[in-house]
Each structure stands twice: as structure tokens, then as C-alpha cells.
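Here our numbering is used: the first residue of the sequence shown is -11, the next is one more, and so on. Quick notes on the structure that follows.
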Amino acid sequence: MQFSFRPRGARQLALAAGALSLASFLASCNKGGGDFDKTKSGIEYKIFKNVSGKYERRTDVKDADPTYKDRTGKFLTAYLYYRTGKDSVLEDTRKKFGGSAVPMPLMEVKRKGMPDEAFALLQPGDSAVFRFNADSLFKPQGRPVPGFLKKSGNVIVINVKTDKLISREEELAMEQTLQQKMMEQQQKQMQAYAETQNKKDEVILQDYLKKNNLKPTGKTPGGVYYIITQAGTGVKPKPGQMVSVQYRGLLLDGKEFDSSAKSGGGKPFTYPIGRGQVIPGWDDGVAQLAQGTKATLLIPSSMAYGEHGSPPAIPANSPLRFDVELVDVKDAPAQAQSQPMMPPAR
-11 MQFSFRPRGA
-1 RQLALAAGAL
9 SLASFLASCN
19 KGGGDFDKTK
29 SGIEYKIFKN
39 VSGKYERRTD
49 VKDADPTYKD
59 RTGKFLTAYL
69 YYRTGKDSVL
79 EDTRKKFGGS
89 AVPMPLMEVK
99 RKGMPDEAFA
109 LLQPGDSAVF
119 RFNADSLFKP
129 QGRPVPGFLK
139 KSGNVIVINV
149 KTDKLISREE
159 ELAMEQTLQQ
169 KMMEQQQKQM
179 QAYAETQNKK
189 DEVILQDYLK
199 KNNLKPTGKT
209 PGGVYYIITQ
219 AGTGVKPKPG
229 QMVSVQYRGL
239 LLDGKEFDSS
249 AKSGGGKPFT
259 YPIGRGQVIP
269 GWDDGVAQLA
279 QGTKATLLIP
289 SSMAYGEHGS
299 PPAIPANSPL
309 RFDVELVDVK
319 DAPAQAQSQP
329 MMPPAR
């Protein structure tokens, strides 16, 4: 597949136009266009075709499309928008993949009542809204319907805006591009979260320092405050070296959630520093300490367990305190450098 690249301004206009097109389609579905049709398997649907920029209800859709066999084995690119019965968004592929359509595999329909059957009714250029009873999607997998879905009408609604058919070879090339776009979107979301949350955490940490009469020895570029309570005389660790740390982890309300005394039976926790095998605040903070140093690390949530936390011990968006002692610093053997290790409180 060949890709054409346009100036940034043109791309933004194209994405905006695509968003307006989807919004127009969603509005037309919500306003009516008649009641839902229904397949024998229970899928409710409305399918539209685009006529001169307006969506008109397709009246030729039957329970199965006899032309579908000509499309099996190919992929239909589309924008998908999943929501609950009360219009809460579950997933929007346009946002997830930076405005790009995604490829849907067109396979022989073996499971009735599932999205595979619904998508088989679509032709390139169609737009549709499908409504599924949540039980029909979860029970065949042996999974209970989540409580929030039950409270939202016990249905899942999928809006689909299709584009074109592509081959397997084109789909493979498209997947690589989509993977890159998804990573870029995730990075943007993480950066936006960190910028917003760090401002909140900074206020909390400053207040904590003041209330506990703590004077920082320094602050890392990542926002970790370190307070040295007993200076060591050894060397500071370098990235890749093995460090052994005695630690006690606390929430800022004083509740202990982990310690080397509990998790390690009194033995220090050992890991290769600067290799991303512990929370970023540890890599950042311990690197400031010389061997033998005892210190307190105050870590913003974005450098700890972030917006998800580490349930049940650590709530979401929790700045943390670690009282640590850097017991040992050694060069890492080759095997240890490549062996994954678990960070504290995981």
C-alpha cells in the first residue's frame, strides 16, 4: 500500500472533516431513520448508504448478504465507535489510532449473533449502527456481563463507518502504521496525564514537606524529592549496575503498603538500576544516593503507579514516600542484566 503525506494543516482539516462526518452519521442514527431491523439471531441494526453527502437508509438488506462470499478473506477498513446503552463511550478507534480507519477481517460467518455476522451485512461505503444484547456477547465466552453494562441497558452499541476493501498484503502494511499511531497516541495521553497530575502532586508534596518539617537535599528532573538522613561514603550507582536496597513504602497518610522486611524477609531488594525494572521514581531517586546512604524519597504519582495505582494497596494518582537505604552497589553479571525483576509493591 502506498501512503501519501500532506502538510500538517491539511491533515488536521481532513481529520476534522472526518470527525464531522461521523458526528453527522451518529446524529442521523439517533434521530431515527425508522426502527431497528433485526436478524434472526437477534442483532438489531440500521444500515445506511451515503448519497451525495447524506445518509439514506438501505432497504435491500436481508438477513444475510449473498455477495458476502466475494469479500471473505479480505479486509474492510472502517471507523468503529463502541458505546453503552446510555451512550457512554467504550472505545473510539478514530481517537485510538490518530484518525485512521482500521481493518476488519471478513471471515466466514460461523458465530450467529456476534459482530462477525453484523459486519458481513456491510458493503464498502456503508455506515451502520448495531445493537447487541450484552448477554449474547459475554455468555458464549463464559464471562459475566460487567455491572456497568447491566446498569446501562445491558446492551452494546457499535457504530461503523466503512471505507474500502483491502487485501491481506495491504492489511499487513496498514497494521504496522496503526501500531505506530497507537503508540504515539498513548505517549501523548501519558504526557498529558503527567503534566496535569504533576502539578497536583507538586502541591501535595510541598504541603507534605512543610507539615513534616522535611528539607529536601535535592529534586530530580523527574520530580522526585530526596532527603538524605544519613550520608554514605560509597560510590553512586551507574545505569546497569546492581543495587541492593532496604525500603519501607508508605502512602502520604502514613499507611505502610510494602517493605523489604515483609516482602524480602529482611533481605534488601536487588535490581539493575536505570533499566526500567522498577517504578521510575526508584530509578530516578536511588541514582542520587551513594552506597551506604539512608534517605527518604517523595515520588509523584506519575513516577510511581500512575492513574491506575496498584490495587488494593495503592490508590490511583498516589504520591508515595519510600524510606530507603542503599546497602550495596555492584557490577551486574551478564545474565542478571537481561533477567526481568519485579519492582516493589507489584
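Note that beta-carbon positions come from the ideal geometry of N, C-alpha and C, so glycine has one too. Note that this is a predicted model, so its numbers are computed, not measured.
Grab me the residues of residue i's own chain with a C-beta within less than 6 Å of its C-beta, minus the 5 sequence neighbours each way, in chain order.
{"i": "Asp241", "result": "none"}
{"i": "Lys318", "result": "Met230"}
{"i": "Val90", "result": "Thr81"}
What is the C-beta distance between residue i and residue j, in whole angstroms, given that I count them as a contact (C-beta under 8 Å)?
{"i": "Gln229", "j": "Ile261", "result": "6 Å"}
{"i": "Leu238", "j": "Leu277", "result": "At roughly 18 Å, the Cβ-Cβ gap does not stay under 8 Å, so Leu238 and Leu277 are not in contact."}
{"i": "Ile215", "j": "Thr284", "result": "4 Å"}
{"i": "Ile31", "j": "Phe118", "result": "6 Å"}
{"i": "Arg236", "j": "Phe310", "result": "7 Å"}
{"i": "Thr60", "j": "Met95", "result": "6 Å"}
{"i": "Leu153", "j": "Phe85", "result": "Not really, about 19 Å apart at Cβ, beyond 8 Å."}
Here's a check: name, in chain order, each residue in its chain whose Cβ is nearer than 8 Å to the Cβ of residue i, leaving out the five neighbours to either side.
{"i": "Lys255", "result": "Ser248"}
{"i": "Pro132", "result": "Phe126"}
{"i": "Ser155", "result": "Lys62 and Phe63"}
{"i": "Tyr181", "result": "Ser290, Gly294 and Glu295"}
{"i": "Gln129", "result": "none"}
DSSP has residue i in a bridge; who is on the other side?
{"i": "Leu308", "result": "Leu239 and Ile287"}
{"i": "Ala63", "result": "Looking at the sequence shown, residue 63 is not Ala but Phe. According to DSSP, which records beta bridges pairwise, Phe63 is partnered with Pro93 and Ile154."}
{"i": "Val233", "result": "Phe257 and Leu314"}
{"i": "Asp246", "result": "Gly237"}
{"i": "Thr47", "result": "Answer by DSSP bridge pairing: none, since Thr47 is not bridged."}
{"i": "Lys34", "result": "Val117"}
{"i": "Thr298", "result": "Looking at the sequence provided, one finds Ser at residue 298 rather than Thr. Bridge partners of Ser298: Ile302."}
{"i": "Lys42", "result": "Val39"}
{"i": "Val77", "result": "Arg71"}
Quick check on the burial criterion: 16 or more other C-beta atoms within 10 angstroms. Buried or exposed for residue i?
{"i": "Ala116", "result": "buried"}
{"i": "Leu160", "result": "exposed"}
{"i": "Thr184", "result": "exposed"}
{"i": "Glu105", "result": "buried"}
{"i": "Met178", "result": "exposed"}
{"i": "Arg71", "result": "buried"}
{"i": "Val223", "result": "exposed"}
{"i": "Phe136", "result": "exposed"}
{"i": "Asp23", "result": "exposed"}
{"i": "Ala52", "result": "exposed"}
{"i": "Pro209", "result": "exposed"}
Under 7 Å from any heavy atom of the ligand NAD, does the C-beta of residue i make it?
{"i": "Gln167", "result": "This structure simply doesn't include the ligand NAD, nor any ligand for that matter."}
Given residue i, which residues of its chain have a CB within under 7 Å of its CB, disregarding the five upstream and five downstream residues?
{"i": "Val39", "result": "none"}
{"i": "Ser289", "result": "Gln185, Asp189, Asn305, Ser306 and Pro307"}
{"i": "Pro303", "result": "Gly297"}
{"i": "Val97", "result": "Asp104, Glu105 and Ala108"}
With 8 Å as the threshold, decide whether the Cβ of residue i is near any Cβ in chain B.
{"i": "Phe63", "result": "Going by chain labels, chain B is absent from the structure shown, which holds only one protein chain."}
Could you name each continuous beta strand (DSSP E) segment of 3 residues or more that falls completely within the stretch 108 to 159, going from the start of the chain to the end? 115 to 121 and 143 to 154
What are the complete alpha helix (DSSP H) segments, minimum 4 residues, inside the stretch 148 to 230? 156 to 199
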